[in-house]
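Quick notes on the structure that follows.
Residue numbers (the working numbering), protein chains in the order written: chain A, 219 to 809; chain B, 219 to 809.
Set out below in structure tokens:
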């Protein structure tokens, strides 16, 4: 069975040495000193290693079961969820007035990575609740907030997001679910929603569904969509649970992975719903939570890669197979461990440099969200809005590839379910799809975010890279990191320039390169993160760190990323600069 | 449910317009005229679309079942296998003297792609039998051949290959299974083998296991391994089945995919075995079949990509979602089909350019095997030996990636098992692992094949590319294909040069780049294939083809490969030229 150990030391390094969170003047950050975050992260690490992770394979093997309208979660999930609730983990970064802990998103994200890495299916029950609660927090009336939030923050009640219908996923304008206004101000919701994660289960007293639907007579398409709160059990004035609402689970899907999470077909049959936010402004309400939700999915991709990597490392150290060609390393044994072989090293270094770089990128994104929300920093808001599709698309695509590499280290044993390596790839696979498939992320990035506010945010990003490089221009020790970063950043600028010069006459010249652009951007971001981490480790070394091995390892991993991963940027640029013609040449019937 | 249509037209194009098989003087090739191969391919296409493919999802869903030592295959497998046997498909490229059809490998490979694409799990039962029969054909005594081959060629009896043990996969020198010589010349085989595909099942009267084992007192390690024939039922002098041998199935594995194929733990308890080939020369006996077996796995990777691609295309044409940004394409409908979107096109073109280029590469490899075996052409033998790890490693890695892309076209529906897109990726995943994991292919390529016969074969490959480019240097219409091919080929040469110059002092400088080299080589091969296909389509156009649309499509796809796929070579070269240092910098304990 695979195991999981929380990377507390690495998270501490990113939070304190790289992002320097406790030096920040963002409200709430002054609490985040080293000892405090260490205590939180270690405690979170413990519950995840000991309670949550051991249920990962169980969840995959047993899956969820639907019987007479009741969904049963896998053995042990319910008890573990009670422990997580009791620990206050579900409300870590929710407001104190609704019984949360009021911590910044950056800390919630670090802890969130642990939960996702330990058991993605299990963690989705609280993750969806967090998303739904955030929507109510942002758009609910005072009455709605006090009715729903305390129980959702504590996960006594869980939440769901209902967007997709059988015939519409990305294109929500095609939606058919109806919301008919009633005299008392409520609505009757009727329709079918699919792919509803945690739609029904046995781990909470109530389930608060957020449902997108159309009010008859409203605008056509996406502009006529509104958002509703549809509780499984209606809530009485005295907060007690009232009658059962007209929402039922129709089926649970058989999926490639995340078996421990119930993915439900939900049927709404004149269910009572309450408008959340304004009429016909449902999509806007969804969009305000999207940065956080997409960052959360990027985190899941990274988390699966981390968990898979940890197990690949221990297998590579334990499994004896073949001999080091440069000289026997384990003369007492029948063979050397796998880790002596250069190609196994390559695979492990790919994974290590991705997960550590990706973690820094993710936590930087979370820090920007805190700056935007807690300090009202509009530049930070614009920047994280630009980076969000990159965080989601790049971290999940690459995260998935890394789980495949980790599985490959196991050879044939990686294909056998009992070792758990297959599960990491199967669970990671969904992160490339949900919360906006990665092609849609690329479209969002190139079609919307690049030009947002007159291109101000992408220019800010380039300036940030430039300033970093300039700041360290006189430091010879930094040259090996800033030089490749500069080259990669130039590739990204050239790609942006190509879009500007060609996308006006034909938007397909930009859109055909959008996926490559997202990856090119991701590599530049990880290049920047590695340069910043190298800087932090050089500083630590200069300041006489007590842990020189940690920082030497960090510097070597930074060098690996620069030498072995960053060269991808020139390939992406070449693809982008070939434009739309090779992509769009064929008529549809030629396929 | 997914469907499969055999790509007969494309196969005919490769066989006749590109490889020009019927013009070849390789013995047996003169039979391969257009009408003959068309008849065979169409008939094979029919049984695969109608009989074999519809069982693919069934096999995945039901899997195999072990009860009281009997393995039950999924519903319908047995009846379908009888139809396949009755059609003579299992012996298509086996010698006529053992009731085969005596066709060249090139035709067997084209038909084999169809079977694998239609149902990989099902096809493995005959695939393993083919491999075992080839071993007996190459190394058996006349008595062994007449005893086993006719029934194996017809698949009345099936075969297996028993190499792996729990503690040894790639490093077979660690093997523990023993073979104790008996007075009658037979051996008693005792030990446990794992990951035995088709190890036990209910579709054949007898199962002929080929088992690697050590004769006590023989040389240490890999040099003391011998190969044995161990039939499930011993065969009497009169060819009737005799007593049950001491081989039993211990368990069947729960795997990520290929559920329809029984992957068995096999226990040998003083089972009677017969030496195949010479004592202690078991690995040599295995290696003689390896080119064909590895080509066969490369074919499986390609085949899964083809099947997944076909379904992605039809989903992209059917599914209405969003609008073409350059102008509405389906004004009568609520939305345009997915295929209008540039990023969907990119994904489909990636797949199309891979499967068609990969098919040409694969069939070229098969043609080389025929030249080697049927015409005794040593140069062809050397070249295909060089290309084999590329065919296996590149076609399975890329084939897998393409199944992931095809699944992605389906969005959320791709993650739900009933659509079958998940199965393509799960089934394709094993091809990167078995028959030598792809890291081992890269090691074989760089560590053995490059330098084989003084580097003669890799030089021959470069000459072949050079000559092709020179031959068409005066043809302006070819310049857009030969120019990028030349660049890519130069990258490959530079990589080879880097290995030569640096690998001598430290072999890790070569080995750390081996995986990238395999992919770089694969891209150059597909580049060559696309240039050759472009040549063939330009010729067809010049000669007034009756199907101009087919050839225009081919040319456009060739352009796509050159513009969008081939730029990967510079990235691989950059990685290779960074050498071993970034890869090997860390001590093992730093991971």
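C-beta: ideal position from N, C-alpha, C; glycine also.
DSSP places residue 377 of chain B in the strand class (E or B) of the three-state scheme.
Relative to the Cα of residue 417 of chain B, the nearest Cα in the group B/754, B/789 and B/471 belongs to B/471. In its chain, beyond the 5 residues on either side, 228 and 775 have a beta carbon closer than 7 Å to the beta carbon of residue 574 of chain A. Here residue 479 of chain B carries a coil assignment [DSSP, helix/strand/coil].
Note on geometry: alpha-carbon atoms of residue 630 of chain B and residue 537 of chain B lie some 13 Å from one another. Distance check between residue 487 of chain A and each of A/300, A/800 and A/462 places A/462 closest, using alpha-carbon atoms only. The stretch 628–648 of chain B and the stretch 269–279 of chain B touch, with no fewer than 3 CB-CB distances between them shorter than 8 Å.
Going by beta carbons, residue 340 of chain A and residue 522 of chain A fall outside the 7 Å limit. Not flagged as an interface residue toward chain A: residue 338 of chain B, since no C-beta distance is shorter than 7 Å. Inter-residue distance for residue 455 of chain A and residue 307 of chain A is about 28 Å (C-alpha atoms, whole angstroms). Under the Cβ criterion (8 Å, minimum of three pairs), the stretch 485–499 of chain A does not count as touching the stretch 608–625 of chain A.
Proximity of chain B to residue 551 of chain A at the Cβ level (cut-off 7 Å) is not reached, the minimal Cβ distance being about 10 Å.
Contacts between residue 544 of chain A and chain B, judged by CB atoms closer than 8 Å, involve 724, 725 and 726 in chain order. At least 7 Å separates the CB of residue 396 of chain B from every CB of chain A. The continuous beta strand (DSSP E) containing residue 468 of chain A extends over residues 465–470. One finds nothing in chain A with a Cβ atom closer than 7 Å to the Cβ of residue 470 of chain B; even the nearest lies about 11 Å away.
Around the CB of residue 384 of chain A, fewer than 16 other CB atoms lie within 10 Å, so the residue is classed as exposed. A residue is called buried when at least 16 other Cβ atoms come within 10 angstroms of its Cβ; residue 809 of chain A meets this threshold and is buried. About 5 Å separates the beta carbon of residue 726 of chain A from that of residue 560 of chain B, a gap short enough to meet the 8 Å contact definition. Against chain A, the beta carbon of residue 809 of chain B has neighbours under 8 Å at 531, 534, 535, 557, 566 and 570, listed in chain order.
Comparing C-alpha distances from residue 699 of chain A to each of A/686, A/710 and A/709 shows the shortest one belongs to A/686. Assignment of beta strand (DSSP E) within the stretch 629–710 of chain B, counting only whole runs of 3 or more residues, yields no such run. Contacts between residue 230 of chain B and chain A, judged by CB atoms closer than 8 Å, are missing: the closest CB pair is about 18 Å apart. In the three-state reduction of the DSSP assignment, residue 245 of chain A falls in the coil class. The beta strand (DSSP E) runs of length 3 or more contained entirely in the stretch 419–452 of chain B are, from start to end of the chain, 424–432 and 443–449. Annotated as distal: residue 414 of chain A and residue 501 of chain A, with beta-carbon spacing of 7 Å or more.
Between residue 482 of chain B and residue 467 of chain B, the C-beta gap is smaller than 7 Å, which places the two residues in contact. Inside the stretch 286–342 of chain B, DSSP marks whole alpha helix (DSSP H) runs of 4 or more residues at positions 295–304 and 323–336, from first to last along the chain. Within the stretch 478–545 of chain A, the runs of alpha helix (DSSP H) that reach at least 4 residues and sit entirely inside it are, in chain order, 500–536.
At a cut-off of 7 Å between beta carbons, residue 642 of chain A makes no contact with chain B.
Residue 655 of chain A and residue 388 of chain A do touch by the CB rule: their CB atoms are close to 7 Å apart, below 8 Å.
If you compare the alpha carbons of B/550, B/721 and B/613 with that of residue 543 of chain A, the shortest gap goes to B/721. Residue pairing by DSSP puts residue 386 of chain B in a beta bridge opposite B/383. For the pair of segments examined, the stretch 364–375 of chain A was found to touch the stretch 416–431 of chain A: the number of CB pairs separated by less than 8 Å reaches three. In this structure, residue 457 of chain A keeps its C-beta atom at 7 Å or more from the C-beta atom of residue 474 of chain B. Note that the C-beta distance between residue 236 of chain B and residue 247 of chain B is not below 7 Å.
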